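> Below is the structure I would like to discuss, written out as structure tokens.
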Amino acid sequence: MKRSKLLLMIGIMVTLVFSLAACGDKASSDKDEDGNVTLDFWVFGATNYDELAKEYEKEHPGVKIKVKTSENADHHNSLFTALSAGSGAPDLAMVEIDQFDRFKEAKDRFVNLYDLGAEKIQDKYLDWKWKIGESMEGDFLFGLPTDIGPKAMFYRTDLFEEAGLPTEPDEVQKLIQSKEDLIKVGEQIKEKTGKPLLDSMEMAYRAVIDGAEESFYDQDGNLLVEKDGNAVKKAYDLAVELNEHGLVGEYDMWTPEWGNAVNNGDFAIEMGAAWLKGWMLDNAPDASGKFRIATLPKEFAGNWGGSYITIPKETKHDDEAYEFAKWLVSPDNQLKSFKSDAGLFPSSPEVYEMDEFKNIKDEFFGGQSTSKYFAEAAQDISFIYKGDKYTPTQDEVLNALKNVQQGADPDKEWAAAVKRMKDLNNK
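Take the sequence shown: its letters are residues -21 to -1, 1 to 406, numbered as in mature numbering (1 follows the signal peptide of the UniProt record, and there is no 0).
Written as structure tokens, this is what we have:
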């Protein structure tokens, strides 16, 4: 008996020695010859994260951040491929809100940030933004909140004035408080200036869909587009109605034609997100001083865009990655990201109370302090469930609207789009 116990103890001690040696080898192999940890960070679009990463490196000797920037589609496709393959994923990765539910299907490929203490900073962020970053059960946090896209009304003062309408933001807000008001104003602008109210069918559709708490799917993944009163059909019908009134242009966002239209004042209103300001500053110089911002009617308020910082499970540096992510999205650094050329709108309400935020004057918008309009909109937004096939499913609706604008029957196009959406979601 004593001999067997002795052998057992020896076995346990040997196992522990080898285990600790292995741990030591792993820890040392995760650093370079100078003892530095390198974090690969994949981002998309315009951010100021390169500059902030350099700042972090100075404050945290021994940590190097390699930032790789790609276009939105390429970024998400590469990340999805790497996660699916189980190799090649970075230590940190941005994920855009419309893509997020697709990645949540691969829960086992991400670090649960609650395991790293993320609940300690939860109260620094908007509730709805934080909740979108969680699993449905609320026990798994996929990502820390970065920017958001609260929407407001970007309107051309010159076209409003030419149409005999008020041009001050508060007056415009009082003027447009419903769909009926929007149509009335649009018809007056069309009559007096010959210009459409909105740029495209997509923007007319987004007036409703971006604020819908429930759109294509319920939280069990059921497709809702045939349900009475569904937000997708409401959004579709609004775009069709505005088009029938002749209030919608044919300027698809991000095309050269659309850019010229923004610059030249070829339409009167853009129901845009906060990030649109940054694009205008860089790409519409002739429009400087001619745009103002007003609050949208509640039925058209919503969020369009924003992202999260995730940590793929493949990383060997989850603690270091989390510390950097937490630092990157802190209120102080969200303010820096907002003030940068990228203009990322903060998801931390703490920023909205900072003097540097409140006192910013936008010369492009005639010296208006636009920040408060987006901050107010941000706090009126509710939790939004997208679904893992949100983007391709929505594309079917947008294709139908383009056909309607070219003369197709709206009812037939809707029925055809519903069939395509059902086929897509039954695969």
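Just so you know, even glycine gets a beta-carbon here, dropped at the ideal spot from N, CA and C.
All figures in this text were calculated on a predicted structure; none of them were measured in a lab.
So, with DSSP's three-state summary, where would you put SER49?
strand
> Which two residues bound the contiguous alpha helix (DSSP H) that contains ILE188?
180 to 188
> Please work out which residues of its chain come closer than 7 Å, Cβ to Cβ, to HIS224, disregarding the five sequence neighbours upstream and downstream, and give them in chain order.
ILE162, GLY165, GLU166.
> Does the beta-carbon of THR125 have 16 or more other beta-carbons within 10 angstroms, so that it is buried, or is it exposed?
buried
> In three-state DSSP terms, what is MET232?
Of the three classes helix, strand and coil, the one that applies to MET232 here is coil, per DSSP.
> Taking just the CA atoms, how far does ASN15 sit from TYR352?
44 Å
> Please go through the same chain and pick out, in chain order, the residues whose beta-carbon is closer than 7 Å to the beta-carbon of residue 462, but skip the five residues on each side of it.
Outside the modelled stretch of the chain, which goes from -21 to 406, sits residue 462, for which no answer is possible.
> Starting from the C-beta of LEU138, find all residues in its chain whose C-beta is less than 7 Å away, skip the five residues before and the five after it, and write them out in chain order.
The answer, listed in chain order, is ILE168, THR172, LYS174, GLY244, ALA247.
> Give the DSSP-derived three-state secondary structure of ASP19 in the structure shown.
Strand.
> Closer than 7 Å by C-beta to MET333: which residues in its own chain qualify, once you throw out the five before and the five after it? Chain order, please.
Excluding sequence neighbours, MET333 sits near LEU314.
> So, with DSSP's three-state summary, where would you put TYR352?
helix
> Taking 7 Å as the threshold (C-beta atoms), are ASP70 and ALA304 in contact?
no
> To which residues of the same chain is ASP77 closer than 7 Å at the C-beta, ignoring the five residues directly before and after it?
So the list reads LYS365, TYR369, THR370, once near-sequence residues are dropped.
> In whole angstroms, give me the CA-to-CA distance for ALA32 and VAL46.
8 Å
> So MET250 packs on LEU217, CB below 8 Å; how close in whole Å?
Going by Cβ atoms, the distance from MET250 to LEU217 rounds to 11 Å, so no, they are not a contact pair.
> According to the neighbour-count rule (16 or more other Cβ atoms, all chains shown, within 10 Å of its Cβ), is ASN222 buried or exposed?
It counts as buried.
> Assuming the contact rule is C-beta atoms closer than 8 Å, THR48 and VAL22 should be a hit. Round their C-beta distance to whole Å, please.
5 Å
> ALA396: which of LEU105, GLU205, ASP106 sits nearest, CA to CA?
GLU205
> Identify which residue in PHE324, LYS401, ALA354 has its Cα closest to the Cα of ASN27.
PHE324
> So, at 7 Å on beta carbons, what are the nonlocal neighbours of GLU355 in its own chain, with the 5 sequence-adjacent residues on each side left out?
If we look at GLU355 and ignore the five residues flanking it on each side, its Cβ neighbours are THR274.
> Pairing CB atoms from the segment 257 to 274 with CB atoms from the segment 49 to 62, are three or more of them under 8 Å?
Here the segment 257 to 274 does not lie against the segment 49 to 62, with fewer than 3 beta-carbon pairs under 8 Å apart.
> Around the C-beta of ALA280, are 16 or more other C-beta atoms found within 10 angstroms, so that it is buried, or is it exposed?
The residue is buried, with at least 16 neighbouring Cβ atoms inside 10 Å.
> Hey, quick one: how far does the alpha helix (DSSP H) through GLY281 stretch, first residue to last?
For GLY281, there is no enclosing alpha helix (DSSP H), as DSSP gives it neither H nor E.
> Who are the Cβ neighbours of TYR184 in its own chain at under 8 Å, not counting the five residues just before and after it?
ALA214, TYR215, LEU217, ALA218, VAL376, LEU377, LEU380
> For ALA263, which residues of its own chain have a beta-carbon under 6 Å away from its beta-carbon, when the five flanking residues on both sides are left out?
VAL241, ASN242
> Starting from PHE139, follow the alpha helix (DSSP H) in both directions and report where the run begins and ends.
136 to 141
> Tell me the rounded alpha-carbon separation between residue 412 and SER316.
Look at the range of the chain in this structure, -21 to 406, and you will see that residue 412 is not part of it.
> For ALA97, tell me which candidate among PHE121, ALA357, ASP80, ARG81 has the shortest Cα-Cα distance.
PHE121
> Helix, strand or coil: how does DSSP classify ALA1 here?
Because ALA1 carries a pLDDT of 39, less than 50, the predicted location of this residue cannot be relied on, and the following value inherits that uncertainty. DSSP places ALA1 in helix when its eight states are reduced to three.
> Is it buried or exposed, SER157, if we count other Cβ atoms within 10 angstroms and call 16 or more buried?
So SER157 ends up on the exposed side.
> Let me know the alpha helix (DSSP H) ranges lying completely inside the segment 215 to 259, each 4 residues or longer, listed in chain order.
235 to 243
> Out of LYS337, SER326, SER267, which one is the CA nearest neighbour of TRP283?
SER326
> Do GLU293 and PRO310 come within 7 Å of each other at the CB atom, strictly closer than that value?
no
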